[in-house]
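Here's the structure, in structure tokens; my notes come after.
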Amino acid sequence: MPELTYRDALKGTLIEEMDRDPRVLLLGEDIGVYGGTFLVTDGLLTRYGRKRVIDTPISELGFIGCGVGMAMLGLRPVIEVMTWNFSLVGADQIIQNAAKIRYFSGGQVGVPMVIRGPNGAGVQLSAQHSQALESLYGHFPGLLVAAPATPADARGLLRAAIRGSAPVIFLESASLYGVRGEVPAGEHLVPFGCAAKVREGRDATLVTHGRMLHLTLAAATRLAADGVECDVIDLRTLRPLDMATVADSVRGTHRAVVVEEQGAMFGVAAEIVTGIYERCFDDLDAPVVRVSGADVPMPYARNLELLAQPNEAKIVEAVRRTVA
Amino acid sequence: MPELTYRDALKGTLIEEMDRDPRVLLLGEDIGVYGGTFLVTDGLLTRYGRKRVIDTPISELGFIGCGVGMAMLGLRPVIEVMTWNFSLVGADQIIQNAAKIRYFSGGQVGVPMVIRGPNGAGVQLSAQHSQALESLYGHFPGLLVAAPATPADARGLLRAAIRGSAPVIFLESASLYGVRGEVPAGEHLVPFGCAAKVREGRDATLVTHGRMLHLTLAAATRLAADGVECDVIDLRTLRPLDMATVADSVRGTHRAVVVEEQGAMFGVAAEIVTGIYERCFDDLDAPVVRVSGADVPMPYARNLELLAQPNEAKIVEAVRRTVA
Amino acid sequence: MVKKVEHQRVDTGTLLEWYRSMVFVRRFEEQAERSFRRGKIGGYLHLYSGQEAVAVGALAALRDDDVLFASYRDHAYVLLRGTDPGVVMAELYGKATGVCKGKGGSMHLFDVPRGFYGGYGVVGGHVPLAVGAAYALRYEDGGDRLCVCFLGDGALNTGAFHEAANLAGLWGHEGLCPVVFVIENNQYGMGTSVPRSSAVTVLASRFGAYDIPNEQCDGMDPAVVYEVVRRGVDEVRRTGRPWAVEALTYRYAAHGAADLLQPYREKSEIEEWRERDPIIRVERRLREAGALDDAKVDEIGAEVDRTVEEAVTFADASPEPAPDELFTDIYADGEVRP
Amino acid sequence: MVKKVEHQRVDTGTLLEWYRSMVFVRRFEEQAERSFRRGKIGGYLHLYSGQEAVAVGALAALRDDDVLFASYRDHAYVLLRGTDPGVVMAELYGKATGVCKGKGGSMHLFDVPRGFYGGYGVVGGHVPLAVGAAYALRYEDGGDRLCVCFLGDGALNTGAFHEAANLAGLWGHEGLCPVVFVIENNQYGMGTSVPRSSAVTVLASRFGAYDIPNEQCDGMDPAVVYEVVRRGVDEVRRTGRPWAVEALTYRYAAHGAADLLQPYREKSEIEEWRERDPIIRVERRLREAGALDDAKVDEIGAEVDRTVEEAVTFADASPEPAPDELFTDIYADGEVRP
Ligand SMILES: Cc1ncc(C[n+]2csc(CCOP(=O)(O)OP(=O)(O)O)c2C)c(N)n1
Ligand SMILES: Cc1ncc(C[n+]2csc(CCOP(=O)(O)OP(=O)(O)O)c2C)c(N)n1
Ligand SMILES: [Mg+2]
Ligand SMILES: [Mg+2]
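So, in structure tokens, the structure goes:
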């Protein structure tokens, strides 16, 4: 299997899908001439031309809404939000139109569309540029939400998203674009709603997704050195949410830790923890623990920013508490 | 104590606070000449004039943002969103500015502002007009979130919100405006972060807020008839969230049911359920149960809409399951 | 279905059909209001009465393969595109036979096969959709279909309108945005008059900021609306560039059927506008042309009433949606494994 | 603090002070970039180099009690309002002594005592704030303070701008919105040029849609900016109505210090604009007036460099924020019981 960066996995998949289906087109700020803030779409303007690679003004509400209209007429727009923070000005089009049109039209028309870009904190981008929004979008039926953690899943989930018929919230991470990993060649496709058990253990189940997977795996390795073996489950998609795989694991380990980048209050882990108890109440030997970002707007100062975020040590500490 | 409707409790409090503090002013669509879609501000334009009661264009992003700027300069805007559904076009100003300015300005300036209006479903308003958004706004630190269920709390929480120094998400309900109840006269003020135990029981703890409280109380009464006695806890505010009061109760009853209007996925109940387990893992004799709205965009047809919503019977059934 | 004009002449025969269409829309709305009062229709109900000339004149200038987007005040468009009045009324009644299976209701009518892509409830929220749809119509070369976006005076104050209009202007420069904006300036957004909500009151002029040609027209005469829109439509079809018209019209009823008070306007104002009622004006013109007399007026009225009654009977007799419909149409079948 | 003009005449002395201010801002930014390259400053860093004439000319026309809002490209404004360069640099360094305690960083500078109400990171998002602030300044009768909103060319395409500008126009009709919009048209929003992002390229003209008087001016000459803005400011102060100016200027550096490639523009274009560099132009003028010679130029340069060095030294020597600062300033003290 070829090794690719997360960025190239995304870009390669965009190219394959655009070559395969002329209805696929790209919209976003600086995705063309500039090549994309994170260079995910670099070179695609030259390859496909202005009609299929559209540089937009700073108008998230407008161009996300245009994407919805394009999708209703049969195109398959893939929209880049420069970062998910800026999706908040376009949230109404995502929540009120993209997610619901199929339903209130009685199934007459759907919105096959992908909105992709980096989610969560970067490095010292401060409060307005450092938000993880999975629970916000995950709440709304009609949307699908993916958060690939590896180049392989970036490729497989993006392909599934583009070929699907629903609006997809595709959550990438600035810190992952450069990460390398093996990527199955060919028509590799990862169906939504299938979590992956990426590490086997018997002592505890660690559940996470996206960027946090890498911290969680590092923690699991560290714990293994002291003889604490963990199942690590990468949810991969948050809607649909594959709680069956999580529950299977917890029934074997009797302990669980859920790791999220978001602040805990009404964050993504709360749903997962609740889902675990709904399925495994009698199996649990210890309370399920959340490892979350601090419940604060992200500060600029690096020392505070680091305090605000989950890290390997915090995960290790949480697991130790649960297995104690 | 005088009996007032929820509407008059809100209106009376607005009048008292506007009489008390000239910096308090109102903005919103059709709140002046028209008197407010739900008549909460009826007559206030005549009483206070155009400078303090501002009819705005259909520009939620704009006038919520203007409210933030007014608050930064020392005024105390109380903004009406015709319904919280429309706040989604203004969400960026609430989440990115109102909630965070105090923090990223290093405490130099705050945003004392209230945004109020009906949250949740009405009757047959269909998908775009029938959303409960408490978990969406509850996630963001810097905001406060209130959801009064009674005229007394509407009065007490609104006063606390207006006199406070933070941006407050004030969630009312179209179905509650006409509800009557006793309201303490004078400077009645309900501090944020204090849940209320509104009914005593020993068999189970029912936790809810807002409109759902009334269904929950009805269910509790019905259950009492069969000898099942429930603690009923009205959270009153969701940020801060008074889990201490909830946990105290659960330690006594060993069973809990959480009732919410939102769909379950990443909804408000997930946080409460998780918070209960974090505090009462060893006290629980049965899994905590969620009673939630259906995970669907709200349909128009009345029969489907009723199926999609929590009701007394569903709550009774859930409690029976937990105490069984 | 509203009568199209042959060889671009509004002859008496056409005008007579438009008269019939306007009477039909008016009576349908009056019936909808009665059904609302009887509790047969729930939620919000926004009537079109007073504005008939806009929809009739504009739709007469369109082709059957053009596409349309509108706000929640959307009954007239589907009726004039030829959707069966019964399935429209059934949707208002929340029945399984409704055009949206009873899931959308009055505010969210759709008839995709007839090019009607929906009524939307968030003011201004449908404007970006229309602009994107227009782009899609030119995405494959050689297309000459276009998209019409009906929007209210109040919608022009939304960010969605601004961002979409700028995108339309930009894409229009490349001939990739054949969208016709029809602003139905009925003088109010709920209780707020145009001068109290828009810093400029000639709303058409706002399109200048997006390099979009625009004009104003009398929205109380279908022939006038038709002539203006036809010219615009020809231009847009040819150039792939957006164009906008502000039709000056009026809403007779309250904003929504549930609103009882209207403290924001005088009865006398409503009366003044009623004197310019499009139905009465066209009726007068047809009588002068000898194409209409009392007998014919009664005949048309009776015909139309029968159609509306049949729609009500159908809606009444139709079943509620099956309970499991609650969970269908959220995703395409098979998209998400349960 | 930028020199104000006595009896509205830009005499040589004033021009010399402006020259000093522009050199100071330029050198501060150059130092900030060096510190960024050395890893002393993190995150996004947006430099003002090239645009100095706009901030200097505009701020010279303001009163100390006027208030300002700006985007993330905000260093110049606080420096010119007189904030200690050390606490500004310390904020960029993320130190406890920073003007925002190290919590905001480069994009979110605030100096409320000096009327600077912040730099904001969501494009267009600060425009409504400025309009609301302007309303607040006229809320109590008799006030004559005003609010200045600096925004970029790209920000005009946001819904936030549109909705706020319309509100400003409306409130201005009642004399309740003394806001001055200064559009710094530096030709690009990141990598997107104005013609590719705005359907009309004379950006000032967009304000016509909101009944807001507007003009365009050369943004590479502080005296020109001052003259134009002073007239506007006098008008706004007197009438309580909004006014807008589009200053044509240019950004020399990349959009952000982290961006390495600039495929969207030619080096030659940057060179052309550099020939109109405001510092060089003013220097030439002052030399002609005999107010400046090589010695004086070096002296000023040396002075300014010393100030900047002291700022760096202060920032470097300052402590990081204390860990418990993570949880302060989310709410006012005592607002929320832990
Ligand atoms: C974003 C948003 N804000 C508020 C509302 C509530 N609302 C529904 S219709 C309406 C007035 C719209 O006026 P206009 O655009 O002129 O259309 P008209 O009703 O006159 O046809 C308002 C404020 C809404 N639906 N969406
Ligand atoms: C709503 C939003 N979308 C996208 C971005 C990313 N972004 C940051 S600056 C910028 C360009 C802004 O250009 P302009 O307004 O001209 O200001 P300038 O940087 O030229 O001073 C963009 C797109 C953002 N911050 N906010
Ligand atoms: Mg209107
Ligand atoms: Mg710019």
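Chains as they are written, first to last, in this note's numbering: chain W, 1 to 324; chain U, 325 to 648; chain L, 649 to 986; chain Y, 987 to 1324. Note that beta-carbon positions come from the ideal geometry of N, C-alpha and C, so glycine has one too.
- Under a criterion of Cβ atoms nearer than 9 Å, the residues of chain U adjacent to L:Met-838 are, in order, Glu-353, Asp-354, Tyr-358, Thr-361, Ile-382, Met-406.
- L:Lys-915 is classed as exposed because its beta carbon has fewer than 16 other beta carbons within 10 Å across all chains shown.
- By the rule that beta-carbons nearer than 8 Å mark a contact, L:His-774 does not touch chain Y.
- Not a single CB atom of chain L sits nearer than 8 Å to the CB of Y:Ala-1303.
- A distance below 8 Å separates the beta carbons of U:Lys-424 and U:Gly-466.
- Counted as a single uninterrupted DSSP element, the beta strand (DSSP E) harbouring U:Gln-586 occupies residues 580-587.
- For U:Ser-616, no chain Y residue has a Cβ inside 7 Å of its Cβ, as the nearest lies near 27 Å away.
- Taken from the Cβ of W:Glu-3, every heavy atom of ligand 2 lies 7 Å or farther away.
- Between the beta-carbon of U:Arg-331 and that of U:Tyr-501 there is about 4 Å, and that keeps the pair under the 8 Å contact cut.
- Remark: the shortest separation between the CB of W:Phe-38 and any heavy atom of ligand 2 does not fall under 7 Å.
- For U:Cys-390, the enclosing alpha helix (DSSP H) has its first and last residue at 384-396.
- Interface annotation, U:Ala-498: not in contact with chain L, CB-CB separation never under 8 Å.
- Apart from sequence neighbours up to five positions away, the residues of its chain that approach W:Ala-269 with a beta-carbon distance below 7 Å are Val-258, Glu-260, Arg-290, Ser-292, ordered along the chain.
- For the alpha helix (DSSP H) assignment, the uninterrupted runs of no fewer than 4 residues enclosed by the stretch 994-1033 of chain Y are, from N- to C-terminal side, 998-1023.
- According to the DSSP assignment, U:Asp-555 belongs to the beta strand (DSSP E) that extends over 554-558.
- Within the same chain, Glu-1019, Phe-1022, Leu-1031 come within 6 Å of Y:Ala-1243 by CB-CB distance, once the 5 residues on both sides are set aside.
- Using a cutoff of 7 Å, the CB of W:Asn-97 does not count as near ligand 4, since none of the ligand's heavy atoms is closer than that.
- In the three-state reduction of the DSSP assignment, W:Ile-31 falls in the coil class.
- Remark: fewer than three beta-carbon pairs, one from each stretch, lie closer than 8 Å, so the stretch 746-758 of chain L and the stretch 786-800 of chain L are not flagged as touching.
- Here the distance from the Cβ of L:Asn-805 to the nearest heavy atom of ligand 3 is not below 7 Å.
- At least one heavy atom of ligand 1 lies closer than 7 Å to the C-beta of U:Phe-410.
- Listed by position along the chain, the residues with Cβ atoms less than 7 Å from a non-hydrogen atom of ligand 3 are L:Gly-800, L:Asp-801, L:Gly-802, L:Glu-832, L:Asn-833, L:Asn-834, L:Gln-835, L:Tyr-836, L:Gly-837, L:Arg-899.
- Between the alpha carbons of W:Pro-118 and W:Thr-5 lies a gap of roughly 15 Å.
- Look at the stretch 382-466 of chain U and you find these whole runs of alpha helix (DSSP H), each 4 residues long or longer: 384-396, 425-428, 458-462.
- Using a Cβ-Cβ cut-off of 8 Å, W:Tyr-103 counts as an interface residue toward chain U, since at least one Cβ of chain U sits closer than that to its own.
- About 12 Å separates the beta carbons of W:Ala-160 and W:Pro-112, which is beyond the 8 Å limit, so they are not a contact pair.
- With respect to L:Ala-892, L:Val-658 sits apart: the two C-beta atoms are not nearer than 8 Å.
- For W:Lys-314, the uninterrupted alpha helix (DSSP H) segment begins and ends at 312-323.
- For Y:Ala-1056, the secondary structure class from DSSP, reduced to helix, strand or coil, is strand.
- At least one C-beta of chain W is nearer than 8 Å to the C-beta of U:Leu-412.
- Relative to ligand 2, the beta carbon of W:Ser-292 is positioned no closer than 7 Å to any heavy atom.
- The alpha-carbon separation between L:Ala-970 and L:Glu-983 amounts to approximately 21 Å.
- Remark: C-beta atoms of W:Asp-30 and W:Leu-61 do not approach each other more closely than 8 Å.
- In the three-state scheme derived from DSSP, where H, G and I count as helix and E and B as strand, L:Tyr-898 is classed as coil.
- Classified as buried, Y:Asp-1097 has 16 or more neighbouring CB atoms from the shown chains inside 10 Å of its CB.
- Between the alpha carbons of W:Ala-294 and W:Leu-171 lies a gap of roughly 20 Å.
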